[in-house]
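To keep things clear, I will list the structure first and then write my remarks on it.
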Amino acid sequence: MPSANTNRRWLAAAASVAVLAASGLANAEERVLVLKAARIHTVAGEPVDGGTLMIRGGEVAAVGTDVAVPDDARVIDLKDAVLTPGLVDALCTIDSRIRQNSPNWSVGSVDRSFFRRASEYQAAVAQAAALNVHVCGGDCGGPPENPPHGLFGHNCCAKCAGPRMASTTLGLALGVEADQTWSEQSSEVTPHLLAIDTVNLMSSDFKRLLAGGVTTVYVSPDSANVIGSRGTTLKTGGPLDRRVVQRAGAVKISVGSDPISRGQANFLPPLYGPPPTFHTRRPTTRMGVDWVFRKAFYDARRAADGLPLSGADTPPEEALPVLQSILAGETPVRIQARMQHDIYSAIRLADEFGIKFILEEATEAYRALPRIQSAGVPVIFGPIYMQASGWRAYSREVDRPRLNTPRQLRDAGIPFALTAQEMRDEEGLVRQAALAARYGLTREQALRAITAQPASLLGLGDRLGRLTPGAAADVVAWSGEPLDATSRVLLVLIDGAVVYDARERN
5 MPSANTNRRW
15 LAAAASVAVL
25 AASGLANAEE
35 RVLVLKAARI
45 HTVAGEPVDG
55 GTLMIRGGEV
65 AAVGTDVAVP
75 DDARVIDLKD
85 AVLTPGLVDA
95 LCTIDSRIRQ
105 NSPNWSVGSV
115 DRSFFRRASE
125 YQAAVAQAAA
135 LNVHVCGGDC
145 GGPPENPPHG
155 LFGHNCCAKC
165 AGPRMASTTL
175 GLALGVEADQ
185 TWSEQSSEVT
195 PHLLAIDTVN
205 LMSSDFKRLL
215 AGGVTTVYVS
225 PDSANVIGSR
235 GTTLKTGGPL
245 DRRVVQRAGA
255 VKISVGSDPI
265 SRGQANFLPP
275 LYGPPPTFHT
285 RRPTTRMGVD
295 WVFRKAFYDA
305 RRAADGLPLS
315 GADTPPEEAL
325 PVLQSILAGE
335 TPVRIQARMQ
345 HDIYSAIRLA
355 DEFGIKFILE
365 EATEAYRALP
375 RIQSAGVPVI
385 FGPIYMQASG
395 WRAYSREVDR
405 PRLNTPRQLR
415 DAGIPFALTA
425 QEMRDEEGLV
435 RQAALAARYG
445 LTREQALRAI
455 TAQPASLLGL
465 GDRLGRLTPG
475 AAADVVAWSG
485 EPLDATSRVL
495 LVLIDGAVVY
505 DARERN
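Under the working numbering, the very last position in the sequence shown is 510; numbers go up by exactly one each time.
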């Protein structure tokens with residue numbers, strides 16, 4: 005057994021190491037880093053040509069053309085590069101499973117129902133084999149191919165469990181697999197649960213986001229529950245103990261068909277099995293969705309008044325304090341609604357209880373502009389597409405998208421941000437902004453829609469989404485103007501530290 009003196013010596017040595025490590029970290033944070041670039045988009049004002057960005061202590065210290073650079077500063081001359089704030093996706097989908105998706109393709113299966121010609125299917129099968137992706141041939145013991153096997157959720161085997169829909173004609177997505185349902189579904193009302201508890205911070209998906217210039221994401225729960233859990237705001241890189249920006253964000257509420265179609269055991273005729281019984285998880289119609297919403301908040305009021313609660317759709321006891329804090333305006337709310345009448349329902353239901361909220365997705369916002377405007381509801385819009393896939397396509401709620409909806413939101417004076425949700429790479433966040441600029445926004449407005457505006461909607465507008473003194477030094481260096489199709493990310497900094505460097509590769 006070690007002596008008491010030996011233990012004391014070990015403790016003293018450990019304490020010394022801890023002090024030295026802490027002082028070293030503090031010195032590193034206080035060291036000045038200077039970036040020089042051909043142009044700097046501060047987002048808070050006009051671009052600075054031939055500018056210098058000085059970083060100290062993980063924050064922007066100065067930006068301009070005549071910044072006094074200390075002699076001991078580390079200087080990175082990026083020459084023809086263009087600097088922007090780190091991009092912010094205020095409605096991001098992360099593959100939360102421990103299993104890692106590949107750098108280029110989603111983990112999933114290839115379903116032959118996606119292909120018009122046999123040759124296309126065989127080509128996809130060949131690609132899938134090379135990537136070790138499961139090919140569903142409809143012979144794994146699942147339900148009959150009516151509808152086509154693999155198109156909707158079923159539990160036929162470990163490889164095919166859950167929906168597998170692709171976002172390209174080859175059946176392999178450029179984004180993560182957004183169709184996986186991971187919400188807690190023991191109840192339709194779960195606002196007491198946190199999305200942060202499902203997030204794998206070591207997922208390679210965060211590397212893909214960094215490679216696209218995204219430094220902050222709001223990870224949203226999925227839409228399987230009427231009143232779901234609370235989202236979380238994360239940095240996409242940096243030390244693990246510093247990546248959680250907001251542990252408990254807004255409560256996710258979904259109106260429309262998603263809580264009906266995505267909730268476990270909601271396998272309804274004529275597509276699935278026998279008629280619903282009391283064993284079937286509700287709701288099963290839009291009327292039921294609205295009923296669950298209203299009953300939850302009425303029950304929260306009754307509980308606050310000390311009245312008894314009853315009924316099959318009574319929220320869990322743990323959910324009641326969160327529902328009451330929503331009614332008191334203390335906990336933020338987001339509502340997902342795509343179609344015009346669902347947007348109307350969201351506004352009507354929220355107004356009934358005096359709830360302020362942010363509208364998510366809003367595919368048909370262009371058909372509801374006056375109502376959205378009069379209600380004072382901000383919008384997180386996207387992704388932008390000509391033809392949807394996955395759960396969106398299955399829901400048939402996205403059959404009438406418009407590419408110029410961001411311009412119409414701008415013209416109506418409605419605060420909005422753009423999101424890529426599950427899309428990555430060539431369909432990622434910066435490409436969403438490029439599409440918005442192509443169809444009506446100015447480039448400056450499009451850049452703000454993926455930086456300052458989402459940061460503001462997250463309540464972080466003073467720290468993120470801008471390159472001004474005092475803001476977090478989340479910086480992206482691009483090979484050209486960020487919205488140009490040929491521009492690539494060269495360098496990404498989070499809190500003043502380099503977390504992604506592709507200068508040699510580019």
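We treat Cβ as the ideally placed atom computed from N, Cα and C, and that holds for glycine.
Worksheet item: Who are the Cβ neighbours of A32 in its own chain at under 6 Å, not counting the five residues just before and after it?
Response: The predicted position of A32 is uncertain, since its pLDDT is 48 and thus under 50; no value can be drawn from it.
Discussion item. My output table needs one value for G358: the three-state DSSP class, helix, strand or coil.
Written reply: coil
Worksheet item: Just how far apart, CA to CA, sit V92 and T423?
Response: Each residue's alpha carbon lies about 9 Å from the other.
Fill in: Cβ neighbours of S399 in the same chain (closer than 8 Å, five flanking residues each side left out)
G260, S261, D262, S265, R342
Discussion item. In chain order, what are the residue ranges of uninterrupted beta strand (DSSP E) at least 3 long that sit wholly in the segment 26-76?
Written reply: List check, beta strand (DSSP E) in window: 37-44, 52-60, 63-68.
Item to complete: Have a look at V47, I498, R35 and flag the residue whose alpha-carbon is nearest the alpha-carbon of T472.
Response: Comparing Cα positions, the closest option is V47.
Practice prompt. Evaluate contact between the segment 437-455 and the segment 194-203, counting only Cβ atoms and requiring at least three cross-stretch pairs below 8 Å.
Written response: no
Fill in: Buried versus exposed, by CB contacts within 10 Å (16 or more), Q377
exposed
Fill in: Through-space distance from G380 to R286, alpha-carbon basis
31 Å
Worksheet item: Roughly how far, in whole angstroms, is the beta-carbon of P486 from the beta-carbon of T88, given that I think they are within contact range, below 8 Å?
Response: Yes, they are in contact, since the Cβ atoms of P486 and T88 sit about 5 Å apart, within 8 Å.
Worksheet item: At a cut of 8 Å, does the segment 359-369 reach the segment 330-344 through at least three beta carbon pairs?
Response: yes
Fill in: Touch test, the segment 228-244 against the segment 191-199, Cβ-Cβ under 8 Å, three pairs minimum
In short, these stretches touch, since the Cβ pair count reaches three.
Practice prompt. State the start and end residues of the unbroken beta strand (DSSP E) segment that holds S399.
Written response: Here S399 belongs to no beta strand (DSSP E); instead the alpha helix (DSSP H) covers 394-399.
Item to complete: Could you check if K83 is buried or exposed, using at least 16 other CB atoms within 10 Å of its CB as the buried criterion?
Response: exposed
Worksheet item: Taking the alpha helix (DSSP H) that S329 falls in, what are its first and last residues?
Response: Segment 324-331, the alpha helix (DSSP H) holding S329.
Worksheet item: Should M58 be labelled buried (16 or more other beta-carbon atoms within 10 Å of its own) or exposed?
Response: buried
Worksheet entry | Inter-residue CB distance, T219 and T240 (contact presumed, cutoff 8 Å) | 6 Å
Worksheet entry | Contact check, L198 vs R247, beta carbons under 8 Å | no
Worksheet entry | Which residues DSSP lists as bridging L244, in chain order | L244 pairs with nothing; no bridge assigned.
Worksheet entry | Reduced DSSP secondary structure (H/G/I, E/B, other) of Y302 | helix
Worksheet item: To which residues of the same chain is F297 closer than 8 Å at the C-beta, ignoring the five residues directly before and after it?
Response: V230, I231, I257, V259, L353
Discussion item. Here's a check: name, in chain order, each residue in its chain whose Cβ is nearer than 6 Å to the Cβ of T367, leaving out the five neighbours to either side.
Written reply: The residues are R342, V402, P405.
Worksheet item: When the Cα atoms are used, what is the spatial distance from G62 to E430?
Response: 30 Å
Discussion item. Helix, strand or coil for I339? Go by DSSP, reduced to three states.
Written reply: strand
Item to complete: With V193 as the anchor, note down where its alpha helix (DSSP H) starts and where it stops.
Response: V193 -> no alpha helix (DSSP H), and no H or E assigned at all.
Worksheet item: Where D294 and L327 are concerned, what is the direct C-alpha to C-alpha distance, given to the nearest angstrom?
Response: 16 Å
Worksheet item: Of all the options L407, A506, R509, which has the alpha carbon lying nearest to the alpha carbon of A392?
Response: Selected option, being the one with the closest Cα: L407.
Worksheet item: How is the beta strand (DSSP E) around T219 delimited, first residue to last?
Response: 218-223
Worksheet item: How close, in whole Å, do the beta carbons of A476 and D499 come, if the pair is a contact with beta carbons under 8 Å?
Response: Right, their Cβ atoms sit about 6 Å apart.
Practice prompt. Go ahead and label P458 buried or exposed: buried means 16 or more other beta carbons lie within 10 angstroms of its beta carbon, across all protein chains shown.
Written response: buried
Worksheet item: Of all the alpha helix (DSSP H) runs that stay within the bounds of the segment 419-504, which reach a length of 4 or more residues?
Response: 433-442, 447-452, 456-461
Worksheet item: Identify the residues that DSSP records as bridge partners of T289: which are they?
Response: Beta-bridge pairing links T289 to no other residue.
Worksheet item: Of the choices L461, L324, D99, whose alpha-carbon is the least far from that of Q250?
Response: L461
Worksheet item: In this structure, what does DSSP give as the bridge partners for R251?
Response: DSSP lists no partner for R251.
Worksheet item: So what's I98 in DSSP terms, helix, strand or just coil?
Response: The answer is coil: DSSP assigns I98 none of H, G, I, E or B.
Worksheet entry | Range of the contiguous beta strand (DSSP E) that encloses S265 | No beta strand (DSSP E) holds S265; the alpha helix (DSSP H) holding it covers 262-266.
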